[in-house]
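Participant: In this text, residue positions in the sequence shown follow the UniProt record's numbering: the first is 1, and each later residue adds one. Backbone N, C-alpha and C fix where the C-beta goes; we use that ideal spot for every residue, glycine too. Please read all numbers here as calculations on a predicted model, not as lab measurements.
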Amino acid sequence: MALPLLAYKPSSQNQRVKSFGVADLNEDTPYIYRLEDAASPAEIRELIWAAYRQVFSEHEILKFNRQITVETRFANRSITVRDLIRELAKSEAFYRLVVSVNNNYRLVEICLKRFLGRAPYNKDEEIAWSIVIATKGFNGFVDALLDSDEYTNAFGDFTVPYQRKRMEGRPFNLVTPRYGEDFQEKAGTVTTDWRFTLEKYYTAKYQQRSLPEGDPRNYSNMAATINAKGNYAQNIRASNIDYLNKVPRR
1 MALPLLAYKP SSQNQRVKSF GVADLNEDTP YIYRLEDAAS PAEIRELIWA AYRQVFSEHE
61 ILKFNRQITV ETRFANRSIT VRDLIRELAK SEAFYRLVVS VNNNYRLVEI CLKRFLGRAP
121 YNKDEEIAWS IVIATKGFNG FVDALLDSDE YTNAFGDFTV PYQRKRMEGR PFNLVTPRYG
181 EDFQEKAGTV TTDWRFTLEK YYTAKYQQRS LPEGDPRNYS NMAATINAKG NYAQNIRASN
241 IDYLNKVPRR
(Lines of atoms letter the chains of each structure in order from A and count residues from 1; the text may use other names and numbers.)
(Lines give C-alpha, C1' and ligand atoms only; values in the text may rest on other atoms or scores of the structure.)
Protein backbone atom coordinates (compact mmCIF):
# COMPACT_ATOMS: atom_id res chain seq x y z
CA MET A 1 0.00 0.00 0.00
CA ALA A 2 1.37 3.40 -0.99
CA LEU A 3 2.15 5.77 1.85
CA PRO A 4 0.27 9.09 1.95
CA LEU A 5 2.15 12.30 1.26
CA LEU A 6 3.90 13.47 4.40
CA ALA A 7 2.85 16.82 5.82
CA TYR A 8 5.33 19.67 5.34
CA LYS A 9 5.28 23.42 5.84
CA PRO A 10 6.84 26.21 3.77
CA SER A 11 9.96 27.68 5.29
CA SER A 12 8.39 31.14 5.21
CA GLN A 13 4.85 32.48 5.21
CA ASN A 14 5.90 34.59 2.22
CA GLN A 15 5.74 31.40 0.15
CA ARG A 16 1.95 31.54 0.44
CA VAL A 17 1.69 35.06 -0.99
CA LYS A 18 0.56 34.85 -4.59
CA SER A 19 2.65 37.80 -5.80
CA PHE A 20 5.79 36.82 -3.89
CA GLY A 21 8.83 36.95 -6.15
CA VAL A 22 6.94 38.29 -9.18
CA ALA A 23 8.46 41.50 -10.50
CA ASP A 24 6.87 44.12 -12.69
CA LEU A 25 6.44 43.42 -16.37
CA ASN A 26 9.92 43.11 -17.86
CA GLU A 27 12.04 40.63 -19.78
CA ASP A 28 11.86 38.19 -16.86
CA THR A 29 8.06 38.04 -16.86
CA PRO A 30 7.01 34.68 -18.34
CA TYR A 31 4.73 34.54 -21.34
CA ILE A 32 1.70 32.44 -20.46
CA TYR A 33 0.53 29.98 -23.10
CA ARG A 34 -3.18 29.11 -22.88
CA LEU A 35 -5.09 26.79 -25.15
CA GLU A 36 -8.05 29.17 -25.31
CA ASP A 37 -5.73 31.80 -26.82
CA ALA A 38 -4.53 29.46 -29.58
CA ALA A 39 -6.88 29.83 -32.56
CA SER A 40 -4.61 28.96 -35.49
CA PRO A 41 -2.37 25.95 -36.28
CA ALA A 42 0.70 28.17 -35.86
CA GLU A 43 -0.38 29.16 -32.35
CA ILE A 44 -1.00 25.50 -31.51
CA ARG A 45 2.55 24.70 -32.61
CA GLU A 46 3.88 27.52 -30.44
CA LEU A 47 1.99 26.10 -27.46
CA ILE A 48 3.40 22.62 -28.12
CA TRP A 49 6.94 23.98 -28.22
CA ALA A 50 6.29 25.92 -25.03
CA ALA A 51 5.35 22.60 -23.40
CA TYR A 52 8.56 21.02 -24.69
CA ARG A 53 10.65 23.90 -23.35
CA GLN A 54 9.01 23.62 -19.96
CA VAL A 55 9.31 19.85 -19.65
CA PHE A 56 12.48 19.01 -21.58
CA SER A 57 14.52 22.22 -21.16
CA GLU A 58 15.98 24.32 -23.95
CA HIS A 59 19.04 22.06 -24.11
CA GLU A 60 17.14 18.90 -24.91
CA ILE A 61 14.66 19.87 -27.63
CA LEU A 62 15.97 17.55 -30.31
CA LYS A 63 14.20 15.85 -33.17
CA PHE A 64 14.53 12.33 -31.78
CA ASN A 65 13.03 13.46 -28.44
CA ARG A 66 9.78 14.61 -30.02
CA GLN A 67 6.56 12.72 -29.30
CA ILE A 68 4.80 13.00 -32.67
CA THR A 69 1.78 10.90 -31.70
CA VAL A 70 1.13 13.02 -28.61
CA GLU A 71 1.54 16.22 -30.62
CA THR A 72 -1.01 15.00 -33.17
CA ARG A 73 -3.55 14.10 -30.50
CA PHE A 74 -3.14 17.51 -28.93
CA ALA A 75 -3.40 19.34 -32.26
CA ASN A 76 -6.68 17.48 -32.87
CA ARG A 77 -7.93 18.65 -29.44
CA SER A 78 -8.18 15.04 -28.27
CA ILE A 79 -6.23 15.81 -25.10
CA THR A 80 -5.80 18.87 -22.88
CA VAL A 81 -2.62 20.78 -22.05
CA ARG A 82 -2.43 18.93 -18.75
CA ASP A 83 -2.56 15.63 -20.63
CA LEU A 84 0.15 16.87 -23.00
CA ILE A 85 2.44 17.69 -20.08
CA ARG A 86 1.66 14.31 -18.52
CA GLU A 87 2.52 12.42 -21.71
CA LEU A 88 5.79 14.31 -22.20
CA ALA A 89 6.79 13.72 -18.57
CA LYS A 90 6.12 9.98 -18.86
CA SER A 91 7.92 9.59 -22.19
CA GLU A 92 10.98 7.41 -22.62
CA ALA A 93 13.02 10.45 -23.65
CA PHE A 94 12.28 12.30 -20.40
CA TYR A 95 13.09 9.19 -18.37
CA ARG A 96 16.41 8.79 -20.18
CA LEU A 97 17.42 12.45 -19.97
CA VAL A 98 16.17 13.36 -16.51
CA VAL A 99 14.95 10.47 -14.37
CA SER A 100 17.72 7.92 -14.92
CA VAL A 101 20.57 10.35 -14.22
CA ASN A 102 19.36 11.75 -10.90
CA ASN A 103 18.52 10.53 -7.44
CA ASN A 104 15.06 11.03 -5.97
CA TYR A 105 15.80 14.29 -4.14
CA ARG A 106 17.25 15.94 -7.23
CA LEU A 107 14.37 14.55 -9.29
CA VAL A 108 11.81 16.08 -6.92
CA GLU A 109 13.52 19.47 -7.23
CA ILE A 110 13.51 19.33 -11.03
CA CYS A 111 9.91 18.17 -11.35
CA LEU A 112 8.53 20.73 -8.91
CA LYS A 113 10.23 23.43 -10.94
CA ARG A 114 9.06 22.05 -14.27
CA PHE A 115 5.49 21.07 -13.37
CA LEU A 116 4.49 23.33 -10.46
CA GLY A 117 6.58 26.34 -11.46
CA ARG A 118 8.39 26.70 -8.14
CA ALA A 119 11.34 25.34 -6.24
CA PRO A 120 10.83 23.04 -3.23
CA TYR A 121 9.97 24.87 -0.05
CA ASN A 122 12.53 22.99 2.01
CA LYS A 123 14.13 19.60 2.57
CA ASP A 124 10.98 18.28 4.25
CA GLU A 125 9.05 18.68 1.02
CA GLU A 126 11.80 16.94 -0.97
CA ILE A 127 11.69 14.00 1.46
CA ALA A 128 7.89 13.82 1.30
CA TRP A 129 7.80 13.66 -2.49
CA SER A 130 10.77 11.29 -2.70
CA ILE A 131 8.74 8.81 -0.62
CA VAL A 132 5.98 9.10 -3.23
CA ILE A 133 8.52 8.19 -5.94
CA ALA A 134 9.73 5.23 -3.88
CA THR A 135 6.22 3.88 -3.27
CA LYS A 136 4.30 4.82 -6.42
CA GLY A 137 7.10 4.97 -8.95
CA PHE A 138 7.93 7.93 -11.17
CA ASN A 139 4.67 7.75 -13.16
CA GLY A 140 2.68 7.81 -9.93
CA PHE A 141 4.73 10.80 -8.80
CA VAL A 142 3.90 12.65 -12.05
CA ASP A 143 0.20 11.91 -11.60
CA ALA A 144 0.31 13.12 -8.01
CA LEU A 145 1.86 16.44 -9.08
CA LEU A 146 -0.37 17.08 -12.08
CA ASP A 147 -3.55 16.07 -10.27
CA SER A 148 -2.73 18.09 -7.16
CA ASP A 149 -4.80 21.06 -6.03
CA GLU A 150 -1.80 23.34 -6.47
CA TYR A 151 -1.41 22.45 -10.14
CA THR A 152 -5.15 22.74 -10.76
CA ASN A 153 -5.37 26.15 -9.11
CA ALA A 154 -2.25 27.47 -10.85
CA PHE A 155 -2.61 26.09 -14.37
CA GLY A 156 -5.77 24.02 -14.75
CA ASP A 157 -6.31 21.94 -17.87
CA PHE A 158 -5.47 24.52 -20.53
CA THR A 159 -2.33 26.44 -19.43
CA VAL A 160 1.29 25.40 -19.96
CA PRO A 161 3.15 25.47 -16.62
CA TYR A 162 5.59 28.36 -16.21
CA GLN A 163 7.94 29.66 -13.57
CA ARG A 164 5.63 31.42 -11.13
CA LYS A 165 8.14 32.62 -8.58
CA ARG A 166 11.53 33.79 -9.71
CA MET A 167 13.69 35.69 -7.28
CA GLU A 168 17.12 35.24 -8.87
CA GLY A 169 19.10 32.95 -11.12
CA ARG A 170 18.21 31.46 -14.47
CA PRO A 171 14.77 30.24 -15.52
CA PHE A 172 14.07 26.68 -14.44
CA ASN A 173 13.87 25.32 -17.96
CA LEU A 174 17.41 26.50 -18.73
CA VAL A 175 19.01 24.38 -16.02
CA THR A 176 20.39 21.12 -17.35
CA PRO A 177 19.18 18.21 -15.18
CA ARG A 178 22.41 16.38 -14.56
CA TYR A 179 23.88 14.83 -11.40
CA GLY A 180 23.30 16.46 -8.05
CA GLU A 181 26.29 16.79 -5.73
CA ASP A 182 25.46 13.74 -3.64
CA PHE A 183 24.88 11.70 -6.80
CA GLN A 184 28.27 12.76 -8.18
CA GLU A 185 30.02 11.42 -5.09
CA LYS A 186 28.48 7.97 -5.57
CA ALA A 187 28.15 7.40 -9.30
CA GLY A 188 28.88 10.66 -11.07
CA THR A 189 31.50 11.78 -13.54
CA VAL A 190 34.33 11.07 -11.11
CA THR A 191 34.15 7.37 -11.96
CA THR A 192 32.15 7.18 -15.17
CA ASP A 193 33.32 10.08 -17.34
CA TRP A 194 35.02 8.77 -20.50
CA ARG A 195 37.94 11.16 -20.01
CA PHE A 196 38.87 9.49 -16.73
CA THR A 197 38.58 6.08 -18.37
CA LEU A 198 40.79 7.21 -21.23
CA GLU A 199 43.43 8.50 -18.84
CA LYS A 200 43.29 5.41 -16.68
CA TYR A 201 43.55 2.71 -19.32
CA TYR A 202 45.19 4.31 -22.34
CA THR A 203 47.77 6.76 -21.00
CA ALA A 204 51.27 5.28 -20.75
CA LYS A 205 52.29 7.76 -18.09
CA TYR A 206 49.39 6.74 -15.87
CA GLN A 207 50.05 3.04 -16.41
CA GLN A 208 53.73 3.36 -15.52
CA ARG A 209 52.94 5.45 -12.46
CA SER A 210 50.42 2.98 -11.15
CA LEU A 211 52.41 -0.22 -11.72
CA PRO A 212 53.28 -1.97 -8.46
CA GLU A 213 56.87 -2.79 -7.56
CA GLY A 214 58.02 -6.01 -9.18
CA ASP A 215 55.55 -5.83 -12.06
CA PRO A 216 57.15 -7.33 -15.22
CA ARG A 217 56.01 -4.30 -17.18
CA ASN A 218 58.61 -2.29 -15.28
CA TYR A 219 61.33 -4.24 -17.10
CA SER A 220 61.71 -1.59 -19.80
CA ASN A 221 62.47 1.07 -17.18
CA MET A 222 64.88 -1.24 -15.39
CA ALA A 223 66.68 -2.16 -18.62
CA ALA A 224 67.12 1.49 -19.52
CA THR A 225 69.03 2.09 -16.27
CA ILE A 226 71.61 -0.65 -17.00
CA ASN A 227 74.93 0.59 -18.40
CA ALA A 228 75.53 -1.85 -21.25
CA LYS A 229 78.54 -0.01 -22.69
CA GLY A 230 81.09 -2.43 -24.12
CA ASN A 231 78.83 -5.44 -23.84
CA TYR A 232 77.34 -5.41 -27.28
CA ALA A 233 75.94 -8.66 -28.59
CA GLN A 234 77.82 -10.27 -31.49
CA ASN A 235 76.40 -9.64 -34.92
CA ILE A 236 76.42 -13.11 -36.50
CA ARG A 237 74.77 -13.74 -39.81
CA ALA A 238 74.62 -16.86 -41.93
CA SER A 239 76.26 -15.00 -44.84
CA ASN A 240 79.32 -14.21 -42.70
CA ILE A 241 80.07 -17.81 -41.77
CA ASP A 242 82.84 -19.58 -43.72
CA TYR A 243 81.34 -23.03 -43.91
CA LEU A 244 84.37 -24.46 -45.87
CA ASN A 245 86.70 -23.82 -42.97
CA LYS A 246 84.26 -25.55 -40.67
CA VAL A 247 84.47 -28.76 -42.65
CA PRO A 248 87.23 -31.06 -41.25
CA ARG A 249 89.99 -31.95 -43.73
CA ARG A 250 91.73 -35.31 -44.10
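1. Give the DSSP-derived three-state secondary structure of T159 in the structure shown.
2. Counting pairs of Cβ atoms below 8 Å between the segment 49 to 57 and the segment 148 to 161, do you hit three or more?
3. Comparing alpha-carbon positions, which option in E92, L145, D83, S78 lies nearest I110?
4. Hey, could you find the ends of the alpha helix (DSSP H) V70 is sitting in?
5. Run the CB neighbour count on K113, radius 10 Å, all protein chains shown included, and call it buried at 16 or more, exposed below.
6. Any idea what DSSP makes of R53, helix, strand or coil?
7. On a Cα-Cα basis, can you pick out the residue from F94, L47, A93, I61 that is closest to T72?
8. Are the beta-carbon atoms belonging to Y105 and S130 less than 7 Å from one another?
9. Does N245 come out as helix, strand or coil in the three-state DSSP assignment?
10. Taking one C-beta from the segment 117 to 134 and one from the segment 85 to 94 each time, how about it: are there three or more such pairs within less than 8 Å?
11. Specify the secondary structure class of R106 as computed by DSSP and reduced to three states.
12. Where L62 and W49 are concerned, what is the direct C-alpha to C-alpha distance, given to the nearest angstrom?
13. Tell me which residue opens and which closes the alpha helix (DSSP H) that F141 is part of.
14. Can you grab the Cα-Cα spacing for the pair E125 / D215, in whole Å?
15. Can you tell me whether DSSP reads R34 as helix, strand or coil?
16. Express the C-alpha separation of V99 and R86 in angstroms, rounding to a whole number.
17. Going by DSSP, what residue range makes up the alpha helix (DSSP H) through R164?
18. Taking the alpha helix (DSSP H) that Y151 belongs to, which residues open and close that run?
19. How is R45 classed by DSSP in three states: helix, strand or coil?
Facilitator: If we stick to the structure as given:
1. Working through the sequence shown from its first residue, we reach residue 159 at position 159. Note: T159 maps to strand in three-state DSSP.
2. Taking 8 Å as the limit for Cβ pairs, the verdict is that the segment 148 to 161 does touch the segment 49 to 57.
3. For the purposes of this step, residue 110 is taken as the residue at position 110 of the sequence shown. For the residues E92, L145, D83, S78, the minimum Cα distance to I110 belongs to L145.
4. Position 70 of the sequence shown, counted from the first residue, corresponds to residue 70. Segment 68 to 75, the alpha helix (DSSP H) holding V70.
5. For this step, residue 113 is matched to residue 113 along the sequence shown. The residue in question, K113, is buried, as its Cβ has 16 or more Cβ neighbours within 10 Å.
6. As a first step, residue 53 must be located in the sequence shown, where it is residue number 53. Correct three-state label for R53: helix.
7. Taking the sequence shown and counting its residues from 1, one reaches residue 72 at position 72. Comparing Cα-Cα distances from T72 to each of F94, L47, A93, I61, the minimum goes to L47.
8. Within the sequence shown, residue 105 is the residue found at index 105, counting from 1. Within the sequence shown, residue 130 is the residue found at index 130, counting from 1. Going by C-beta atoms, Y105 is nearer than 7 Å to S130.
9. Numbered from 1 along the sequence shown, position 245 holds the residue referred to as residue 245. Note: N245 maps to helix in three-state DSSP.
10. Not touching, per the Cβ criterion.
11. Walking along the sequence shown from the start, residue 106 turns up at place 106. DSSP places R106 in helix when its eight states are reduced to three.
12. Against the sequence shown, residue 62 aligns to sequence position 62. Against the sequence shown, residue 49 aligns to sequence position 49. Distance between the alpha carbons of L62 and W49 is about 11 Å.
13. In the sequence shown, residue 141 corresponds to position 141, counting from 1. Element bounds for F141: 123 to 146.
14. Start at 1 with the first residue of the sequence shown, and residue 125 comes out as number 125. Start at 1 with the first residue of the sequence shown, and residue 215 comes out as number 215. Distance between the alpha carbons of E125 and D215 is about 54 Å.
15. For this step, residue 34 is matched to residue 34 along the sequence shown. DSSP, read as helix, strand or coil, puts R34 in strand.
16. Locating residue 86 in the sequence shown gives position 86, counting from the first residue. Locating residue 99 in the sequence shown gives position 99, counting from the first residue. Approximately 14 Å, taken between the alpha carbons.
17. For the purposes of this step, residue 164 is taken as the residue at position 164 of the sequence shown. Premise fails: R164 is in no alpha helix (DSSP H) and is neither H nor E.
18. As a position in the sequence shown, residue 151 is number 151, starting the count at 1. Unbroken alpha helix (DSSP H) run through Y151: 149 to 154.
19. Translated into positions along the sequence shown, residue 45 becomes position 45. R45 falls in the helix class under three-state DSSP.
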